[in-house]
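Novice:
Next comes the structure, spelled out in structure tokens:
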């Protein structure tokens with residue numbers, strides 16, 4: 005069992021334990037369900053975030069593509085000139101090519117890290133907003149527990165929930181209304 009499965013099992017056990025123990029406290033357990041990916045896909049602000057991230061990635065990908073094109077040209081030139089170059093000149097050009105390749109790989113790694121950091125930053129902020137709206141809805145409706153449902157195969161602990169428990173559309177409407185203000 006990997007760590008994710010262990011966390012999923014723990015989550016199910018905690019949810020079950022709460023469901024069993026809360027009625028003993030004399031309060032009614034009300035559960036709500038939200039799908040964050042559906043909220044990201046279904047809101048104006050979520051679409052803006054996705055478009056913004058796509059543009060951010062596109063700009064960086066252009067830099068990588070240009071560098072890759074330059075390296076291919078450099079390699080082709082090296083192959084074409086290889087037979088006519090002196091051994092020293094060939095060795096020098098190969099060394100320059102290797103250094104450029106290492107720089108390219110470093111740049112790709114750095115740009116990928118930048119993209120991941122930007123994605124995390126933007127999505128963390130979006131998730132905070134979602135959490136505020138979910139808390140507001142839960143307070144109004146006296147919902148005791150709100151759980152996340154995922155349809156992306158990431159190991160969500162919810163296999164099924166009745167549609168009446170789903171708060172996703174309400175969150176989408178409130179988030180869009182909040183964005184319109």
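Numbering (the working numbering), first residue to last: 5 to 185. Beta carbons: idealized from backbone N, C-alpha and C, even for Gly.
#1: Curious, which full-length beta strand (DSSP E) runs of at least 3 residues does the segment 140-171 contain?
#2: So which of 41, 33 and 34 has the shortest CA-CA distance to residue 175?
#3: Based on the DSSP output, what are the partners of residue 36 in its beta bridges?
#4: What residues in its chain sit with their C-beta under 8 Å from that of residue 111, if we drop five residues either side in the sequence?
#5: So, are the CB atoms of residue 138 and residue 37 less than 7 Å apart?
#6: What residues in its chain sit with their C-beta under 7 Å from that of residue 94, if we drop five residues either side in the sequence?
#7: Per DSSP, what kind of secondary structure is residue 89 in: helix, strand or coil?
#8: Give the DSSP-derived three-state secondary structure of residue 133 in the structure shown.
#9: Could you give the uninterrupted runs of the beta strand (DSSP E) lying entirely in the segment 56-103, keeping only those of 3 residues or more?
#10: Decide yes or no for the touch test of the segment 163-179 against the segment 53-62: beta carbon pairs closer than 8 Å, at least 3 of them.
#11: Between 123, 105, 100 and 165, which has its C-alpha nearest residue 152's C-alpha?
#12: Considering only the alpha carbon of each residue, which of 75, 132, 89 and 125 lies closest to residue 107?
#13: Identify, in the order they occur along the chain, each residue of the same chain with its Cβ nearer than 6 Å to the Cβ of residue 47, setting aside the five sequence neighbours on each side.
#14: Around the Cβ of residue 3, are there at least 16 other Cβ atoms within 10 angstroms (buried) or fewer (exposed)?
#15: Who are the Cβ neighbours of residue 140 in its own chain at under 8 Å, not counting the five residues just before and after it?
Specialist: On the basis of the coordinates in this document:
#1: Whole beta strand (DSSP E) segments, 3+ residues: 149-152.
#2: Numbered from 1 along the chain shown, position 171 holds the residue referred to as residue 175. Measuring from the Cα of residue 175, the nearest candidate turns out to be 41.
#3: To locate residue 36, count along the chain shown from 1; it is residue 32. The partner list for residue 36 (beta bridge, DSSP) reads 150.
#4: Within the chain shown, the letter at position 107 stands for residue 111. Short of 8 Å from the beta carbon of residue 111, and not among the five residues preceding or following it, lie these beta carbons of its own chain, in chain order: 67, 68 and 71.
#5: Here residue 138 is taken as the residue at index 134 of the chain shown, counted from 1. Here residue 37 is taken as the residue at index 33 of the chain shown, counted from 1. Not a contact, by the Cβ cut-off of 7 Å.
#6: Counting from one through the chain shown, the residue named residue 94 turns up at place 90. Its chain contains 86 as the residues whose beta carbon lies nearer than 7 Å to that of residue 94, once the 5 sequence neighbours on both sides are disregarded; these appear in chain order.
#7: What you label residue 89 is simply residue 85 of the chain shown in a count that begins at 1. Judged by DSSP in its simplified three-state form, residue 89 adopts coil rather than helix or strand.
#8: The residue labelled residue 133 in the question sits at position 129 within the chain shown. DSSP places residue 133 in helix when its eight states are reduced to three.
#9: Listed in chain order, there is nothing to give.
#10: The answer is no - the segment 53-62 does not touch the segment 163-179, with fewer than three Cβ pairs under 8 Å.
#11: Along the chain shown, one-based indexing puts residue 152 at 148. By alpha-carbon distance to residue 152, the top candidate from 123, 105, 100 and 165 is 165.
#12: Here residue 107 refers to the residue found at position 103 when the chain shown is read from its first residue. The option with the nearest alpha carbon to residue 107 is 75.
#13: For the purposes of this step, residue 47 is identified with residue 43 of the chain shown, where counting begins at 1. Closer than 6 Å at the Cβ level, and outside the excluded window around residue 47, lie 176, 179 and 180.
#14: A query on residue 3 cannot be resolved here, the shown segment of the chain reaching from 5 to 185 and no further.
#15: In the chain shown, residue 140 corresponds to position 136, counting from 1. Result list for residue 140: 178, in chain order.
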